[in-house]
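Visitor:
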Amino acid sequence: MTKPTQRTRKKTNGNDGSPHARARAEDVLTLDIENTGHLADLYGSHDRHLALIEDAFDVYVAARGNRLTFQGSREACRMAAAVIRELAARLERGLTVGEGEVLAACRMALDRENGGGAPSTSEEKYQIRTKKRVISPRSPNQAAYIEALRTHDLTFGLGPAGTGKTYLAVAVGTAMMLRGEVERLVLSRPAVEAGERLGFLPGDMREKVDPYLRPLYDALHDMLPAEQVVKKLENGDIEVAPLAFMRGRTLNQSFVILDEAQNCTPMQIKMFLTRLGENSRMVVTGDPSQEDLSEVGMRGLVSGLPGAVKILEHVDGVAVTRFSQADVVRHPLVARIVSAYEDHKNA
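First residue of the sequence shown? That's 242 in the working numbering, and the numbers climb one at a time after it.
1) Grouping DSSP H, G and I as helix and E and B as strand, with all else coil, what is ASP273?
2) Whole angstroms are fine: how far does the CA of ALA281 sit from the CA of LEU309?
3) Verify whether the separation of the beta carbon atoms of LEU484 and ARG430 is less than 8 Å.
4) Please report the distance separating the alpha-carbon of MET417 from that of THR396.
5) Mapping the DSSP letters down to three states, classify ALA416 as helix, strand or coil.
6) Only counting the same chain, and skipping five residues up and downstream in sequence, which positions put a Cβ closer than 7 Å to that of ALA346?
7) Roughly how many whole angstroms lie between the Cα atoms of ALA467 and VAL497?
8) Report yes or no: do three or more beta-carbon pairs, one from the segment 330-343 and one from the segment 380-394, lie closer than 8 Å?
9) Please name the residue or residues paired with SER314 in a DSSP beta bridge.
10) Decide yes or no for the touch test of the segment 457-465 against the segment 405-423: beta carbon pairs closer than 8 Å, at least 3 of them.
11) Indicate whether LEU514 and VAL427 have their beta-carbon atoms separated by less than 8 Å.
12) Got a sec, what are the start and stop residues for the alpha helix (DSSP H) GLU480 sits in?
13) Does the segment 544-563 come within contact of the segment 350-367, defined as at least 3 CB pairs closer than 8 Å?
14) Between ALA322, ARG319, PRO401 and ASN520, which has its C-alpha nearest ARG425's C-alpha?
15) Assign LEU590 to one of three DSSP states: helix, strand, or coil.
16) What does the alpha-carbon distance come out to for the pair ALA389 and ALA560?
17) Along the chain, where does the beta strand (DSSP E) that runs through MET523 open and close?
18) How far does the alpha helix (DSSP H) with LEU426 in it reach, from first residue to last?
19) Just the C-alpha distance for GLY356 and MET349, rounded to the nearest angstrom, thanks.
20) In or out: VAL570 buried (at least 16 other Cβ within 10 Å) or exposed?
21) Just to confirm, is the Cβ distance from ALA322 to LEU270 under 8 Å?
22) Can the beta-carbon of ASP394 be found closer than 8 Å to that of MET508?
23) Out of LEU399, THR506 and LEU457, which one is the CA nearest neighbour of ASP528?
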């Protein structure tokens with residue numbers, strides 16, 4: 242039997258006389274976990290997962306063995322218990338539960354409570370299976386994005402850093418390649434510095450452009466063992482190339498991703514979009530607020546991404562998913578940073 246939780250959050254016992262405290266004292270819900278073998282993964286190290294659920298729903302959670310007691314408002318207790326059941330279901334199916342999965346389940350539960358249609362994080366329909374891991378959406382927008390990637394020939398993913406635009410696109414493309422639905426995965430980026438002047442880089446052509454494409458390699462290594470990444474790059478199953486290498490090509494039987502598209506001019510975007518060949522899918526991702534063209538000696542040029550979205554958004558076969566700071570799935574501070582910058586811009 243595990244020890245009672247010992248977290249820094251102070252339990253509300255209703256003795257301070259406030260209506261809020263009295264309501265909390267009256268609303269108590271208990272939940273028994275059937276599979277005690279999963280308790281350590283479910284509760285997290287030092288009950289960290291339970292603490293995250295407490296913060297998300299403003300409840301107190303006491304754990305004694307396999308019995309959890311929730312104390313707070315009736316709705317909050319119900320949602321917190323639903324999250325625990327959802328995470329337990331993930332573990333039953335052999336999936337992992339970390340802090341990201343806990344925060345995702347809380348985010349989805351809050352969306353459903355507010356009338357949204359967020360799926361369960363354990364729902365198989367939205368899971369992406371690669372060689373190294375099973376990837377699940379961590380926000381309602383991510384779930385909609387995964388569905389769009391699977392059902393549309395061209396998908397735009399727009400929004401701030403950390404929302405999973407590129408990562409999920411690489412995951413879906415890798416899964417489709419492994420299943421034989423496409424023959425290869427093509428990843429591209431414009432070779433534009435993020436505000437710095439790097440000058441001439443040493444090495445051959447690949448060594449010169451690799452620094453710009455490193456985020457795409459990082460995503461690949463999350464999906465596939467290192468030796469398979471190397472092998473597939475060598476035999477052409479996976480191609481990582483700067484945008485300039487796309488001109489004049491027709492990409493058949495491919496899953497094609499253009500990352501950092503906010504740094505493409507209107508002509509470059511049009512050139513890339515017209516590379517789409519038979520039985521291929523194309524994804525264009527970018528953050529319109531982080532355009533770097535004017536910072537690297539390209540003054541007078543404008544990003545082609547907003548215009549492309551405006552022109553194509555209502556074309557049959559095209560989907561657009563717009564992410565916000567609420568979809569940031571990196572460190573929680575990243576979401577607050579994005580929100581602070583947005584507030585400053587609006588002010």
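Note that CB positions come from ideal geometry on N, CA and C, so glycine has one too. Every value quoted in this text rests on a predicted model; they were computed, and no experiment measured them.
Guide: Let me lay it out:
1) Translated into the one-based positions of the sequence shown, residue 273 becomes position 32. If DSSP states are grouped into helix, strand and coil, ASP273 belongs with the strands.
2) On the sequence shown, position 68 is the one that residue 309 refers to. On the sequence shown, position 40 is the one that residue 281 refers to. Going from the Cα of LEU309 to the Cα of ALA281 covers about 13 Å.
3) The residue labelled residue 484 in the question sits at position 243 within the sequence shown. The residue labelled residue 430 in the question sits at position 189 within the sequence shown. A contact, by the Cβ cut-off of 8 Å.
4) Within the sequence shown, numbered from 1, the residue matching residue 417 stands at position 176. Within the sequence shown, numbered from 1, the residue matching residue 396 stands at position 155. Each residue's Cα considered, the two are about 15 Å apart.
5) Stepping through the sequence shown from its first residue, residue 416 is reached at position 175. Helix at ALA416.
6) One-based indexing of the sequence shown puts residue 346 at position 105. The residues are VAL324, GLU327, LEU328 and THR362.
7) Within the sequence shown, residue 467 is the residue found at index 226, counting from 1. Within the sequence shown, residue 497 is the residue found at index 256, counting from 1. Between ALA467 and VAL497, the C-alpha separation is close to 21 Å.
8) no
9) Locating residue 314 in the sequence shown gives position 73, counting from the first residue. Paired residue(s): none; SER314 is not in a bridge.
10) yes
11) Here residue 514 is taken as the residue at index 273 of the sequence shown, counted from 1. Here residue 427 is taken as the residue at index 186 of the sequence shown, counted from 1. No; because the gap between Cβ atoms is not below 8 Å, this pair is not in contact.
12) In the sequence shown, counting from the first residue as 1, residue 480 sits at position 239. Taken as a continuous stretch (DSSP letters only), GLU480 belongs to no alpha helix (DSSP H), being part of the beta strand (DSSP E) at 479-483.
13) no
14) The residue you call residue 425 lines up with position 184 of the sequence shown. Out of ALA322, ARG319, PRO401 and ASN520, ASN520 has the C-alpha closest to the C-alpha of ARG425.
15) Because residue 590 is not part of the residues shown, which for the chain are 242 to 588, the question remains open.
16) Counted from its first residue, the sequence shown places residue 389 at position 148. Counted from its first residue, the sequence shown places residue 560 at position 319. The alpha-carbon atoms of ALA389 and ALA560 are separated by roughly 6 Å.
17) Taking the sequence shown and counting its residues from 1, one reaches residue 523 at position 282. Where MET523 is concerned, the enclosing beta strand (DSSP E) stretches over 522-527.
18) As a first step, residue 426 must be located in the sequence shown, where it is residue number 185. That residue, LEU426, is in no alpha helix (DSSP H); its beta strand (DSSP E) goes 425-430.
19) As a working note, residue 356 is residue 115 in the sequence shown. As a working note, residue 349 is residue 108 in the sequence shown. In a straight line, the C-alpha of GLY356 is about 11 Å away from that of MET349.
20) Your numbering for residue 570 matches position 329 in the sequence shown. With 16 or more Cβ atoms within 10 Å of its Cβ, VAL570 is classed as buried.
21) Locating residue 322 in the sequence shown gives position 81, where the first residue counts as 1. Locating residue 270 in the sequence shown gives position 29, where the first residue counts as 1. Judged by their CB atoms, ALA322 and LEU270 are nearer to each other than the 8 Å cut-off.
22) Position 153 of the sequence shown, counted from the first residue, corresponds to residue 394. Position 267 of the sequence shown, counted from the first residue, corresponds to residue 508. The criterion of a C-beta distance shorter than 8 Å is not satisfied by ASP394 and MET508.
23) For the purposes of this step, residue 528 is taken as the residue at position 287 of the sequence shown. Out of LEU399, THR506 and LEU457, LEU399 has the C-alpha closest to the C-alpha of ASP528.
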